[in-house]
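Residue 2 in the working numbering sits at position 2 of the sequence shown, with consecutive numbering throughout. Using N, Cα and C, we set each Cβ at its ideal position, and we do this for glycine too. Here the structure is laid out as structure tokens; the discussion comes afterwards.
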Amino acid sequence: MDIKRLQQDRRRVVQVPITGDDGEVEMIELAVWHKPITPAVLAEMTATSEGDAADKERLVSQLAAVLTRWDITDNGKPVKPTAAVLRGFEFEVLAAIAEALFASIYPKSTT
1 MDIKRLQQDR
11 RRVVQVPITG
21 DDGEVEMIEL
31 AVWHKPITPA
41 VLAEMTATSE
51 GDAADKERLV
61 SQLAAVLTRW
71 DITDNGKPVK
81 PTAAVLRGFE
91 FEVLAAIAEA
101 LFASIYPKST
111 T
């Protein structure tokens, strides 16, 4: 197997909360592509917990470092998953994306 195949971006579909037109929160699917989650990246991401602003900023930085693209657009044009864009999202959305990345590493047991 060629090493490049092990280093390719991965695609995940994430359920994220958004507020609908009626003010109710609903879950939508968001496709994200990310770099492989290496042990070093995982160690940094698991050090983040829901807490102070520094934790939230660290999560933004880490997600920006691993996300390569997603299906979010602005007037039909792709939006890059940069730290500046991620800072504009509620923490609940950031946490949903991070949890989906963790779930791909640690799948839930079916027993």
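| Item | Value |
| --- | --- |
| Report yes or no: do three or more beta-carbon pairs, one from the stretch 91 to 105 and one from the stretch 53 to 71, lie closer than 8 Å? | yes |
| Relative to the C-alpha of PRO36, which candidate in GLN7, ASP74, GLY76, ARG87 has its C-alpha closest? | GLN7 |
| Measure the Cβ-Cβ separation of TRP33 and ARG10 and say whether it is below 8 Å. | yes |
| Determine, using beta carbons only, whether TRP70 and LEU30 come nearer to each other than 8 Å. | yes |
| Under 8 Å between C-beta atoms, does PHE91 make it to chain D? | Here there is only one protein chain, and chain D is not present. |
| Cβ atoms of PRO81 and ALA64: under 8 Å apart, would you say? | yes |
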